[in-house]
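Each remark here refers to the structure printed beneath this line.
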Amino acid sequence: MTSESQARAIKVDKSNLTDLKSACDDAVKEYLETKAGYRQSHKHTDIKLVIGYLGCAAAAAGSYYGYIHPFELPATKFWTFVSVALYYLSNILMMGYSYLVEKNTIFTGSKTTPKGTQTIALGSSVKSYNPYYDLDLRMDFDGASKSSKSKKSTHQQYSTAFRFWFDEDGVLAQDLFEADMEKFLANTEATHLD
920 MTSESQARAI
930 KVDKSNLTDL
940 KSACDDAVKE
950 YLETKAGYRQ
960 SHKHTDIKLV
970 IGYLGCAAAA
980 AGSYYGYIHP
990 FELPATKFWT
1000 FVSVALYYLS
1010 NILMMGYSYL
1020 VEKNTIFTGS
1030 KTTPKGTQTI
1040 ALGSSVKSYN
1050 PYYDLDLRMD
1060 FDGASKSSKS
1070 KKSTHQQYST
1080 AFRFWFDEDG
1090 VLAQDLFEAD
1100 MEKFLANTEA
1110 THLD
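Taking our numbering, the leading residue of the sequence shown gets 920, the next gets one more, and so forth.
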């Protein structure tokens, strides 16, 4: 083992499914960006950040208004109530966005190929008391030929046990993991040619 691979070794508690899922999620994102050539889109994170900043701005505005005006005034109580309500509303919007729109998506991205642009949305999940890592990949392909524009879409699922990727000490076998991800992506990309 080289010093670089030792420094990058991912080690987790094998009895904790959340840790195993998080380690695999991080490894998948790194693989897609560094080895598969996809550029990650941060759209979901940006939307949640904007909603969160708006809620914090409402809370800060209410706090500032309460600071410069005595709290006993009816207007101060009203604007404090409004700012707190807006803050909670922004949190509800953020949770709703995560639950209804983002769902279990861990990576969205795209890459340009000579034949067009591929965009992917990758979701992952782990069921309680079930040591299997489930991936759900949606891939869209926009062809950019001069004669016609073609748009194809495909959906693939992949599931495997964590024990195939982690050794006894809980260290991720990066080479096995990346080989499986490469096969999964190649299989999904091949369906575009059908």
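In this text, a Cβ means the ideal position worked out from N, Cα and C, and glycines have one as well. No experiment lies behind these values; they were computed from the predicted model shown.
Residue from F1096, S982, Y1077 whose Cα sits closest to the Cα of D1086 = F1096
Any idea what DSSP makes of S960, helix, strand or coil?
-> Here S960 sits in coil by DSSP.
For T1079 versus T1107, is the C-beta distance shorter than 8 Å?
-> Result no, Cβ atoms of T1079 and T1107 do not sit closer than 8 Å.
I1011 and G1028: beta carbons closer than 8 Å?
-> no
Beta-carbon proximity check, M1100 vs Y950, cutoff 8 Å | yes
Where K967 sits in the DSSP three-state scheme = helix
Could you tell me the boundaries of the beta strand (DSSP E) in which Y1018 lies?
-> That residue, Y1018, is in no beta strand (DSSP E); it is neither H nor E in DSSP.
Is the beta carbon of G971 sitting closer than 8 Å to the one on M1013?
-> yes
Closest residue to P861 among L1056, Y1016, D938 (Cα-Cα distance) | Summary: the structure shown does not reach residue 861, with the chain confined to residues 920 through 1113, and so no result is reported for it.
Q1093 beta carbon less than 8 Å from that of F1060 | no
Can you tell me whether DSSP reads V931 as helix, strand or coil?
-> coil
Decide if C943 is buried, meaning its Cβ has at least 16 other Cβ atoms within 10 Å, or exposed.
-> Of the residues assessed, C943 falls on the buried side of the cut-off, its CB having 16 or more other CB atoms within 10 angstroms.
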